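As structure tokens, the structure follows; a few thoughts come after it.
Numbering (my numbering), first residue to last: 1159 to 1303.
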């Protein structure tokens, strides 16, 4: 079992920059961990470019609750550009399955399945949504204990 899957209930492993981000970390603590890579987008939301999930380059968004003086509860994986929506979906899914194993799935929308992995208090989701246009969503969310 890889260390990302093994430790997902404690936090998330990033391959580049190489670090472990624990659930519940504060915004100032995360900024100190990420260094110059961190971009504070809004209260309760930081992003950085990184590599994780077994070599996948992407942007990673960190969501805190509450938005002010909160703790990390949600990771959002995305790309800055999606020139090929289907190729992106397939690539994310391949890396998610390599990392977390075979998920539960259901029909989803627009010909894409919706995928779910559950590890105790942590849920990993990969699906398509439609809000003015199609959007790929990859989220790892830690539920309150």
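Glycine included, each C-beta is placed from N, C-alpha and C at the ideal position. Here the structure is a predicted model, which means the values were calculated and not measured.
Outcome for residue 1213 when other beta-carbon atoms lying within 10 angstroms are tallied against a minimum of 16:
exposed
Is residue 1277 near the ligand MN, going by C-beta to nearest heavy atom under 7 Å?
Annotation note on the ligand MN: not contained in the displayed structure, which lists no ligands.
Distance, residue 1168 Cα to residue 1262 Cα
22 Å
What are the boundary residues of the beta strand (DSSP E) that includes residue 1189?
No beta strand (DSSP E) contains residue 1189, which is instead part of the alpha helix (DSSP H) from 1185-1192.
Residue 1181 versus residue 1226: straight-line alpha-carbon distance, rounded:
16 Å
Test item: CB-CB of residue 1276 and residue 1286 under 8 Å
no
Name the two residues that bound the continuous beta strand (DSSP E) containing residue 1205.
1203-1210
Could you tell me which uninterrupted alpha helix (DSSP H) segments, each at least 4 residues in length, are contained entirely in the region 1196-1265, listed from first to last along the chain?
1243-1258
Residue 1202 beta carbon less than 8 Å from that of residue 1228
yes
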